[in-house]
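Asker:
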Ligand SMILES: [Zn+2]
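Residue numbers (my numbering): -4 to 136.
1) State yes or no: is the C-beta of residue 131 nearer than 7 angstroms to some heavy atom of ligand 1?
2) Does any heavy atom of ligand 1 sit closer than 7 angstroms to the C-beta of residue 128?
3) Would the C-beta of residue 124 count as close to ligand 1, meaning under 7 angstroms from any of its heavy atoms?
4) So the beta strand (DSSP E) residue 34 belongs to, where does it begin and stop?
5) Quick check: the Cα distance between residue 47 and residue 131, rounded to an integer number of angstroms?
6) What does DSSP give as the partner residue(s) for residue 86 in the beta ladder?
7) Which one or two residues does DSSP pair with residue 44 in a beta bridge?
8) How far does the beta strand (DSSP E) with residue 70 in it reach, from first residue to last?
9) Could you tell me if residue 110 is buried or exposed, where buried requires 16 or more neighbouring beta carbons within 10 angstroms of its beta carbon?
10) Spell out the partners DSSP gives residue 63 in its beta bridges.
11) Only counting the same chain, and skipping five residues up and downstream in sequence, which positions put a Cβ closer than 7 angstroms to that of residue 136?
12) Can you look up residue 106 in the DSSP assignment and give me helix, strand or coil?
13) Taking DSSP's pairing of strands, which residues face residue 58 in a bridge?
14) CA-CA distance, residue 18 and residue 100?
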């Protein structure tokens, strides 16, 4: 189902396809015209832990897959990296609790989104946002 999860779960002792993360069974990756994106596989209430960020790697420079830590450095998590941007996101990264939390109710099948500019001071590749929110800021740079 989730290729990124399988790749992370390379251990021979772990059954094939078993979730690596506790929250992974609640999330799915789907590949469409705009690339592979993260979706919810169940309903979330506001304030729920959507994804643990326990196992992360660090990159010295920002890129299209990283999240900037407030104390410096660019965090890479293979599932978080697939969350789309929204100017009115349904999730936020909590660095203190090292997890992704829902900021509003998320329905099954809905895209899991974060506001990239809530963590990163600038984008490695600026883009025009089409999130559809009334609060959409347009160009995200
Ligand atoms: Zn937007």
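Ideal Cβ placement from N, Cα and C applies to all residues, glycine included.
What you are looking at is a predicted structure, and each value in this text was computed from that prediction instead of being measured.
Answerer: This is what the structure holds:
1) On the chain shown, residue 131 is found 136 positions in, with the first residue counted as 1. Because some heavy atom of ligand 1 lies under 7 angstroms away, the Cβ of residue 131 counts as near it: yes.
2) For this step, residue 128 is matched to residue 133 along the chain shown. Checking every heavy atom of ligand 1 against the Cβ of residue 128, one is found closer than 7 angstroms.
3) The sequence position of residue 124 within the chain shown is 129, counting from 1. Yes, the Cβ of residue 124 comes within 7 angstroms of a heavy atom of ligand 1.
4) Mapped onto the chain shown, residue 34 falls at position 39. Taken as a continuous stretch (DSSP letters only), the beta strand (DSSP E) holding residue 34 covers 30 to 35.
5) Stepping through the chain shown from its first residue, residue 47 is reached at position 52. Stepping through the chain shown from its first residue, residue 131 is reached at position 136. Looking at the two C-alpha atoms, the distance is approximately 28 angstroms.
6) The residue given as residue 86 occupies position 91 in the chain shown. Bridge partners of residue 86: 97.
7) Your numbering for residue 44 matches position 49 in the chain shown. For residue 44, which the question treats as bridged, DSSP gives the partners 96.
8) Working through the chain shown from its first residue, we reach residue 70 at position 75. Note, residue 70: beta strand (DSSP E), 69 to 71.
9) Position 115 of the chain shown, counted from the first residue, corresponds to residue 110. Result: buried.
10) Against the chain shown, residue 63 aligns to sequence position 68. Answer by DSSP bridge pairing, in chain order: 69.
11) Translated into positions along the chain shown, residue 136 becomes position 141. 117, 118 and 121.
12) Against the chain shown, residue 106 aligns to sequence position 111. Strand.
13) Start at 1 with the first residue of the chain shown, and residue 58 comes out as number 63. DSSP output for residue 58 lists no bridge partner at all.
14) What you label residue 18 is simply residue 23 of the chain shown in a count that begins at 1. What you label residue 100 is simply residue 105 of the chain shown in a count that begins at 1. Here residue 18 scores only 48 on pLDDT, less than 50, and its place in the model should not be relied on; the value that follows carries that caveat. Taking the straight line joining both Cα atoms gives about 16 angstroms.
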